[in-house]
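First to last, the sequence lines map onto chains A and B. Per our numbering, the very first residue in the first sequence carries number 4; after that it's consecutive. Per our numbering, the very first residue in the second sequence carries number 4; after that it's consecutive. Virtual Cβ for every residue (Gly too), placed ideally from N, Cα, C. In what follows, a single structure is set out as structure tokens and then discussed.
Protein chains: 2
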Amino acid sequence: MITSKDNDQLKTIRKLAQRKHRDRAGLVVAEGEDLVDAALEAGLEPELLLRAGEDVEPDLLAGVSTLGSGTRVIGVFKQRDGVLGGELSVYLHGVHDPGNVGTIIRSAHALADGPVILGPDCADPWSPKAVRASMGSAFARPPARAAFADLPGTTIALERGAGVALAEVQIDGPVVVCLGGEREGLPETIANTAGVLAHIPVRDDGPDSLNVATAAAVALYERNRMARYA
Amino acid sequence: MITSKDNDQLKTIRKLAQRKHRDRAGLVVAEGEDLVDAALEAGLEPELLLRAGEDVEPDLLAGVSTLGSGTRVIGVFKQRDGVLGGELSVYLHGVHDPGNVGTIIRSAHALADGPVILGPDCADPWSPKAVRASMGSAFARPPARAAFADLPGTTIALERGAGVALAEVQIDGPVVVCLGGEREGLPETIANTAGVLAHIPVRDDGPDSLNVATAAAVALYERNRMARYA
Numbered sequence: 004m005i006t007s008k009d010n011d012q013l014k015t016i017r018k019l020a021q022r023k024h025r026d027r028a029g030l031v032v033a034e035g036e037d038l039v040d041a042a043l044e045a046g047l048e049p050e051l052l053l054r055a056g057e058d059v060e061p062d063l064l065a066g067v068s069t070l071g072s073g074t075r076v077i078g079v080f081k082q083r084d085g086v087l088g089g090e091l092s093v094y095l096h097g098v099h100d101p102g103n104v105g106t107i108i109r110s111a112h113a114l115a116d117g118p119v120i121l122g123p124d125c126a127d128p129w130s131p132k133a134v135r136a137s138m139g140s141a142f143a144r145p146p147a148r149a150a151f152a153d154l155p156g157t158t159i160a161l162e163r164g165a166g167v168a169l170a171e172v173q174i175d176g177p178v179v180v181c182l183g184g185e186r187e188g189l190p191e192t193i194a195n196t197a198g199v200l201a202h203i204p205v206r207d208d209g210p211d212s213l214n215v216a217t218a219a220a221v222a223l224y225e226r227n228r229m230a231r232y233a
Numbered sequence: 004m005i006t007s008k009d010n011d012q013l014k015t016i017r018k019l020a021q022r023k024h025r026d027r028a029g030l031v032v033a034e035g036e037d038l039v040d041a042a043l044e045a046g047l048e049p050e051l052l053l054r055a056g057e058d059v060e061p062d063l064l065a066g067v068s069t070l071g072s073g074t075r076v077i078g079v080f081k082q083r084d085g086v087l088g089g090e091l092s093v094y095l096h097g098v099h100d101p102g103n104v105g106t107i108i109r110s111a112h113a114l115a116d117g118p119v120i121l122g123p124d125c126a127d128p129w130s131p132k133a134v135r136a137s138m139g140s141a142f143a144r145p146p147a148r149a150a151f152a153d154l155p156g157t158t159i160a161l162e163r164g165a166g167v168a169l170a171e172v173q174i175d176g177p178v179v180v181c182l183g184g185e186r187e188g189l190p191e192t193i194a195n196t197a198g199v200l201a202h203i204p205v206r207d208d209g210p211d212s213l214n215v216a217t218a219a220a221v222a223l224y225e226r227n228r229m230a231r232y233a
């Protein structure tokens, strides 16, 4: 039983709160039973597994958790890399919010056979907030990393008001839906070189944009629907 | 220029961080230029408007803001009540997360002509987190409150794996899409008495559920698409 906050395993978990340490170690912290279970169910072997009251004093575990008091278990796992492929995947460019990145990983797990592909300037998908928003889907379907130029299949650049309505995009074969950050959108070079430019029809008197995780899910849903009812 | 944290206006703003005070006063705090602008553009008159360096010392304004340092303006406005009606609206039951409630208000502003209707046990749409997630849409299109039994038009209860696929729901006239909290879903009484029971088709090897804000946006998108291409 760990009874000191100076314990090496607790120190490791504390360090992994910082992205540079996560990147260097290639590790991710799963906080709470749901996320630890999701990692184990995805077949990952824990590098560390600490249960409150069994392996460590509950207060000490709470002290290294972003969930705070009541944290019953924390696991540390190796980060995995997703592999490009599938009929449908999502490419993100400059999506800074970890909650959005995690939510999109969850939506792609539900609605696509390919991975979420992270381009430049995206939030770390292995941060506590992103892993929590993914509800553990990051373990079952880890994100991949690739440059836009290396994406497989036909790219659909999704931009407000641009090109054709999503429901009118007729493509056979693998598709990658591409989305940019909420404020900036996609860089012009991507919008100009994508296979298709498309938009989600919205009301003229509505907000300037949809949430990027919302837009990603709608696009994945629509591609599924078209495949289903083609 | 306000130079003391004991100033009555700052005290008011601090109090409004708590739901009971927001409810009692019927007020909402807009933090930051984007949200204050959204409220003003929606035609609301500020009850209070404090600009850093003009009306109040910047540190004091930052001290009453959940955004922290760098907050340039805070406005206090009257909460508004949305009105039932329109061809398409959303009813939420037990959606506890303020970020989800706010995101759904934003999506409905983009994709529906009716309001978001809050049933029991929903997060306060006027909390700082919900207002921020709505990106100010809460001001332009304030949520309504109603019991399920009082909803206008045909209700579609959206539940994982239940009833027909969303794209196969044929209804004429006003529709209310009904969603429950992520863990609990809709109460059985609602699922059993709704006009239609429907689901968003998802992969069998995917997660247990979609994020509720994601599901709401997909449903609104699909109802729009059907109306557009009918």
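When secondary structure is reduced to three states using DSSP, A:S92 falls in the strand class.
One thing to note: A:N227 has its Cβ within 9 Å of the Cβ of A:A115.
Excluding residues up to 5 positions away in sequence, P101, G102, V104, G105, I108, A126, D127 and A141 lie with their Cβ nearer than 8 Å to the Cβ of A:A133 in the same chain.
For B:G184, the closest alpha carbon among the candidates B:A170, B:L161 and B:L200 is that of B:L161. Each of B:G88, B:T74 and B:V119 was checked against the Cα of B:H96, and the nearest Cα belongs to B:V119. Sequence-distant Cβ neighbours of B:S68 in its own chain, meaning closer than 7 Å and more than five residues away, are E34, T74 and I77. The shortest C-alpha to C-alpha distance from A:I159 to any of A:S212, A:A147 and A:E225 is the one to A:E225. Sequence-distant partners of B:P61 (beyond 5 residues in either direction) whose C-beta falls short of 7 Å from its own C-beta, in its chain, are A55. The contact set of A:A170 on chain B, defined by CB atoms closer than 8 Å, consists of R228, R231 and Y232 in chain order. Closer than 7 Å at the C-beta level to chain B, one finds these residues of the stretch 133-149 of chain A: M138 and S140. Residues of the stretch 194-218 of chain A with a C-beta less than 9 Å from any C-beta of chain B: I203, P204, V205, R206, D208, G209, P210, D211, S212, L213, N214, A216, T217 and A218, listed in chain order. Proximity to B:E50 across B:I16, B:Q21, B:G209 and B:N10 peaks at B:I16, based on C-alpha coordinates. When DSSP states are grouped into helix, strand and coil, B:E171 belongs to the helix group. In the DSSP annotation of this structure, the continuous segment of the beta strand (DSSP E) that includes A:R54 starts and ends at L51 to R54. A distance below 6 Å between beta-carbons, with the five flanking residues on each side excluded, links A:V79 to the following residues of its chain, in chain order: L30, V32, E50 and L51.
With fewer than 16 other beta carbons inside 10 angstroms of its own, B:R22 counts as exposed.
Classified as exposed, A:G164 has fewer than 16 neighbouring CB atoms from the shown chains inside 10 Å of its CB. Looking from the CA of B:T6, the closest CA among B:T157, B:L64 and B:H24 belongs to B:L64.
Counting of Cβ neighbours within 10 angstroms places A:A152 among the exposed residues, the total staying below 16. Every unbroken stretch of the beta strand (DSSP E) spanning 3 or more residues and falling wholly within the stretch 99-150 of chain B is given here in chain order: 119-121. Contact check for A:S92 and A:G117: beta-carbon distance about 3 Å, within the 8 Å limit, so the pair qualifies. The contact set of A:T106 on chain B, defined by CB atoms closer than 7 Å, consists of N214 and T217 in chain order.
A:A216 and B:T217 have their C-alpha atoms roughly 7 Å apart. Going by DSSP, B:T196 is part of the alpha helix (DSSP H) stretching over E191 to T196.
With respect to chain A, the C-beta atom of B:L114 has a partner C-beta closer than 9 Å. The three-state reading of DSSP puts B:T217 in helix, counting H, G and I together. The DSSP-derived three-state label of B:E34 is strand. Apart from the 5 residues on each side of it in sequence, B:G166 sits with its Cβ closer than 7 Å to the Cβ of V199, L200, A201 and H202 in its chain, given in chain order.
Per DSSP, A:L182 is one residue of the beta strand (DSSP E) stretching across V178 to G183. When C-beta distances to chain A are compared with 9 Å, the residues of the stretch 73-104 of chain B below that value are G102, in chain order. Counting along the chain, no beta strand (DSSP E) covers B:T6, and no H or E run does either. About 7 Å separates the beta carbons of A:R135 and A:L38, which is inside the 8 Å limit, making them a contact pair. Around the beta carbon of B:G188, a 10 Å sphere encloses 16 or more other beta carbons of the protein chains shown; the residue is thus reported as buried.
Taking A:D124 as reference, the option from A:G156, A:H99 and A:P145 with the minimal CA-CA separation is A:H99. For the options B:A168, B:L182 and B:Q173, the alpha carbon positioned closest to that of B:L121 is the one of B:L182. If you check the CB distance, A:G89 and A:P145 do not come in under 9 Å.
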